[in-house]
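Going by UniProt numbering, the sequence shown opens with residue 1, and the numbers climb by one from there. Positions of the beta carbon are idealized from the N, C-alpha and C atoms, including for glycine. From a predicted model like this one, the values you see are computed outputs, not experimental measurements. Report on one structure; see the data block that follows.
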Amino acid sequence: MDHYDSQQTNDYMQPEEDWDRDLLLDPAWEKQQRKTFTAWCNSHLRKAGTQIENIEEDFRDGLKLMLLLEVISGERLAKPERGKMRVHKISNVNKALDFIASKGVKLVSIGAEEIVDGNVKMTLGMIWTIILRFAIQDISVEETSAKEGLLLWCQRKTAPYKNVNIQNFHISWKDGLGFCALIHRHRPELIDYGKLRKDDPLTNLNTAFDVAERYLDIPKMLDAEDIVGTARPDEKAIMTYVSSFYHAFSGAQKAETAANRICKVLAVNQENEQLMEDYEKLASDLLEWIRRTIPWLENRVPENTMQAMQQKLEDFRDYRRLHKPPKVQEKCQLEINFNTLQTKLRLSNRPAFMPSEGRMVSDINNAWGCLEQAEKGYEEWLLNEIRRLERLDHLAEKFRQKASIHEAWTDGKEAMLRQKDYETATLSEIKALLKKHEAFESDLAAHQDRVEQIAAIAQELNELDYYDSPSVNARCQKICDQWDNLGALTQKRREALERTEKLLETIDQLYLEYAKRAAPFNNWMEGAMEDLQDTFIVHTIEEIQGLTTAHEQFKATLPDADKERLAILGIHNEVSKIVQTYHVNMAGTNPYTTITPQEINGKWDHVRQLVPRRDQALTEEHSRQQHNERLRKQFGAQANVIGPWIQTKMEEIGRISIEMHGTLEDQLSHLRQYEKSIVNYKPKIDQLEGDHQLIQEALIFDNKHTNYTMEHIRVGWEQLLTTIARTINEVENQILTRDAKGISQEQMNEFRASFNHFDRDHSGTLGPEEFKACLISLGYDIGNDPQKKTGMMDTDDFRACLISMGYNMGEAEFARIMSIVDPNRLGVVTFQAFIDFMSRETADTDTADQVMASFKILAGDKNYITGDELRRELPPDQAEYCIARMAPYAGPDSVPGALDYMSFSTALYGESDL
Numbered sequence: 001m002d003h004y005d006s007q008q009t010n011d012y013m014q015p016e017e018d019w020d021r022d023l024l025l026d027p028a029w030e031k032q033q034r035k036t037f038t039a040w041c042n043s044h045l046r047k048a049g050t051q052i053e054n055i056e057e058d059f060r061d062g063l064k065l066m067l068l069l070e071v072i073s074g075e076r077l078a079k080p081e082r083g084k085m086r087v088h089k090i091s092n093v094n095k096a097l098d099f100i101a102s103k104g105v106k107l108v109s110i111g112a113e114e115i116v117d118g119n120v121k122m123t124l125g126m127i128w129t130i131i132l133r134f135a136i137q138d139i140s141v142e143e144t145s146a147k148e149g150l151l152l153w154c155q156r157k158t159a160p161y162k163n164v165n166i167q168n169f170h171i172s173w174k175d176g177l178g179f180c181a182l183i184h185r186h187r188p189e190l191i192d193y194g195k196l197r198k199d200d201p202l203t204n205l206n207t208a209f210d211v212a213e214r215y216l217d218i219p220k221m222l223d224a225e226d227i228v229g230t231a232r233p234d235e236k237a238i239m240t241y242v243s244s245f246y247h248a249f250s251g252a253q254k255a256e257t258a259a260n261r262i263c264k265v266l267a268v269n270q271e272n273e274q275l276m277e278d279y280e281k282l283a284s285d286l287l288e289w290i291r292r293t294i295p296w297l298e299n300r301v302p303e304n305t306m307q308a309m310q311q312k313l314e315d316f317r318d319y320r321r322l323h324k325p326p327k328v329q330e331k332c333q334l335e336i337n338f339n340t341l342q343t344k345l346r347l348s349n350r351p352a353f354m355p356s357e358g359r360m361v362s363d364i365n366n367a368w369g370c371l372e373q374a375e376k377g378y379e380e381w382l383l384n385e386i387r388r389l390e391r392l393d394h395l396a397e398k399f400r401q402k403a404s405i406h407e408a409w410t411d412g413k414e415a416m417l418r419q420k421d422y423e424t425a426t427l428s429e430i431k432a433l434l435k436k437h438e439a440f441e442s443d444l445a446a447h448q449d450r451v452e453q454i455a456a457i458a459q460e461l462n463e464l465d466y467y468d469s470p471s472v473n474a475r476c477q478k479i480c481d482q483w484d485n486l487g488a489l490t491q492k493r494r495e496a497l498e499r500t501e502k503l504l505e506t507i508d509q510l511y512l513e514y515a516k517r518a519a520p521f522n523n524w525m526e527g528a529m530e531d532l533q534d535t536f537i538v539h540t541i542e543e544i545q546g547l548t549t550a551h552e553q554f555k556a557t558l559p560d561a562d563k564e565r566l567a568i569l570g571i572h573n574e575v576s577k578i579v580q581t582y583h584v585n586m587a588g589t590n591p592y593t594t595i596t597p598q599e600i601n602g603k604w605d606h607v608r609q610l611v612p613r614r615d616q617a618l619t620e621e622h623s624r625q626q627h628n629e630r631l632r633k634q635f636g637a638q639a640n641v642i643g644p645w646i647q648t649k650m651e652e653i654g655r656i657s658i659e660m661h662g663t664l665e666d667q668l669s670h671l672r673q674y675e676k677s678i679v680n681y682k683p684k685i686d687q688l689e690g691d692h693q694l695i696q697e698a699l700i701f702d703n704k705h706t707n708y709t710m711e712h713i714r715v716g717w718e719q720l721l722t723t724i725a726r727t728i729n730e731v732e733n734q735i736l737t738r739d740a741k742g743i744s745q746e747q748m749n750e751f752r753a754s755f756n757h758f759d760r761d762h763s764g765t766l767g768p769e770e771f772k773a774c775l776i777s778l779g780y781d782i783g784n785d786p787q788k789k790t791g792m793m794d795t796d797d798f799r800a801c802l803i804s805m806g807y808n809m810g811e812a813e814f815a816r817i818m819s820i821v822d823p824n825r826l827g828v829v830t831f832q833a834f835i836d837f838m839s840r841e842t843a844d845t846d847t848a849d850q851v852m853a854s855f856k857i858l859a860g861d862k863n864y865i866t867g868d869e870l871r872r873e874l875p876p877d878q879a880e881y882c883i884a885r886m887a888p889y890a891g892p893d894s895v896p897g898a899l900d901y902m903s904f905s906t907a908l909y910g911e912s913d914l
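Below is the structure:
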């Protein structure tokens, strides 16, 4: 009692200040306090052979007040004044008040004159101050003291009792069951608790007061009628009386302390078991998800249509945005839970946790790596397949269009070539047939390029693995066979005409000229119509501008083409004029060609109609490419901001994790604020995802405005979230280690300062030489052998380090230490593991021997314990936990139901099997 810290003094002072603010006592409370305080004072004064009758009168001269303080403190006060005068009384009271103040008690508004004058409120306040200081302040239960400690003690002791709920020191005690429960808990033979009724408070209170006075030497300080008749009994009176029970039963505190130790150990063990179960389930679920997902990502079977492949791309986009991010969080949380569990196991002196086969963190990382590898090329494959199908669709349509035009042109050509009209024709007709055939050969030659184009397109479709290649090949083969047949028929007819030509000499040069000029012009118009109707696909503004330039060049040739058309029509008009003039029997037809002026005019008109349509199509495509360029620039502008931002944040987190600013709690707070700012940046990532989706929907495959892809941003963002979460977890584990091992903040700062000093590359880790220098700076002699910079010590280096610090390193002892600092048998020792080992060697932690000694106290020094003893001393759930896991005791002094608490205690710390 010679020393009290400032916190205890502040806790003690608060009730006095409350008293000073409440000078006007409730009359019922004043009555209860008079009786209670008087009885309490007499319980101590009787030890000196005296007592008081009237609390405000008998302390007025200060003599009995000084005597009371000497009895309860065990110390001698200054010699009292024996005179009867007021000054003598005031002097004695002041001596008593000075003694109270010397014990760290601040007396508020209580002066010697009020006590000498018999001020009842001041006198009661002074006695309450003495009771608080000498009867209540030193009560301590589970790191709580004074009033809170006394209340917790009452709650713990009465918890098993029906209809008892102690929440305060006034109305919770009105029914008397609380007092009876306290007595029955410690002396069950004194009260038959089962016969008590909650609706009979007077009987309950009187029973408790009588038993306490008769068997526990606790004077009757309260009246049952006063308590029942008062809406809210006086708290100070109740606390004073209840404190007498606490001191009377303080002998049972040793058993309660032992039970508390066991409860604490069992609670830690139960919590660790639950964490292990949670880890196993989370790991199993994550591995199962990875197992199901990898085959889907590895499936490279292409679809036959653009729609099906785009659906695959949409499914993959949903996977990256919706399905994978939660699994990234689960994986991160799994690693955090594993590290936290291992830290808690080390701090509670438990064996390291080894997950089930195939569920180690390394197994999960390997499986995750396989997932990332499978995912890596999947999106690229999807985009390539879409490009391929787009190209195939374009080529297939082009093939069909050219084939249809060619088939339309060849329709009837074989029948024409097989005609033998030259056999009955006149000389002029033969000559006309020969010229017509020459014109046909010119037309045939002009179509040779189209046939080659059709064959080339079919070959490209085959090389690109077009799904409908068989039908394309069949049609192409039919065209080629027909083309070969036309060539053969053409050659055969020419030979026949040339044989007949010797007999026929008349020829109409004008028809021949018309045919020769009309045929290429007609072919040119057909080619122009084909080109004007040809579909196109471009991806940049430059490409559409090239098409537009070519189209403008084509339009520039139209005036010359129109002159050629007029010239050809002029030839036909000349033929008609000659026929009419010379009455030539030509039947009004041109024997050298089937191309009529009407056909030429019709195709020319069609060409003129197609030109503005082509203009519109090119203009629309140019607008689309301008829109795509805006999308590229919009995405590039955002990506060029977000990418460097993520990199900057990663570097800043790295600096925070190695720099030392303030306490670990300050660093943790700073990191959490940093994490919040990072999470608040998520809408910008989502906005970029939206722009990326627009780009993909527009089938934009490259972007010259940025080097960042959406995949780069996604990976960087996920790494940033994982890094900040891991950094926070590392600081939390440092706090756990510091608090559990009793390492001061100055020591932690010294360790961190040394670590940072030698971390010259600011990587957050130390190489072997850096680590060795760091230990030497802290006072350890390591030696100077060179070693590889891994940030860890290998087995031989660690052994040398321990020997240099005074440890005797036999093979068995070193194997034991290595199993502690390297539970996963990796052959290396991290800085954290080294600090944990060094702090563990000096920390005061629970051991199997301490738990065994606690059980022995509960068992009454027996070598075994019974289920009834466990249920009486421990909470129900922890008592049943012990009973279910303790083996039967087999010693010579065994009794029925005896349990072996010794093997159970060693099993808790991994020294045997539970």
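Segment limits, alpha helix (DSSP H) that includes residue i
i	result
Pro683	Lys682 to Glu697
Gly546	Ile541 to Ala556
Leu908	Tyr901 to Leu908
Asn349	First-last for Asn349: undefined, no H or E at that position.
Ile52	It is not in any alpha helix (DSSP H) - Ile52 carries neither H nor E in the DSSP assignment.
Arg872	Gly867 to Glu873
Arg418	Lys413 to Arg418
Euclidean distance between Cα positions of residue i and residue j
i	j	result
Asp318	Asp686	13 Å
Ile537	Pro591	43 Å
Val328	Arg291	15 Å
Ile600	Tyr466	38 Å
Thr50	Cys41	10 Å
Lys35	Cys180	21 Å
Ile238	Ile336	49 Å
Arg187	Phe245	12 Å
Lys147	Ala907	39 Å
His627	Lys577	59 Å
Leu345	Thr847	13 Å
Nonlocal neighbours in the same chain, by C-beta distance under 7 Å from residue i, ignoring five residues either side
i	result
Phe134	Ile72 and Ser73
Ile865	Phe855, Leu858, Ala859, Leu899 and Tyr901
Ser469	Leu461 and Asn462
Gln878	Cys263 and Leu266
Beta carbon of residue i nearer than 8 Å to that of residue j
i	j	result
Ile454	Lys402	yes
Met85	Leu77	no
Val93	Val108	no
Thr203	Asn733	no
Thr722	Ile653	no
His712	Gly636	no
Ile568	Tyr511	no
Leu631	Asp691	yes
Ile541	Glu414	no
His437	Arg517	no
Sequence-distant residues of its chain with Cβ nearer than 6 Å to residue i (five each side left out)
i	result
Val851	Val265 and Ser905
Ala458	Val472 and Cys476
Cross-strand partners of residue i (DSSP beta bridge)
i	result
Ser471	For Ser471, which the question treats as bridged, DSSP gives no partner whatsoever.
Pro888	Leu899
Cutoff 8 Å; reference residue i; Cβ partners in own chain excluding five residues on either side
i	result
Leu334	Tyr279, Leu282, Ala283, Leu286, Val361 and Ile364
Leu341	Asn272, Leu275, Met276, Tyr279 and Phe353
His406	His447, Arg450, Val451, Ile454 and Ile479
Asp210	Lys220
is_contact[residue i, chain B] using C-beta, thresh 8 Å
i	result
Gln634	Considering every chain present, this structure includes no chain B. It has just one protein chain.
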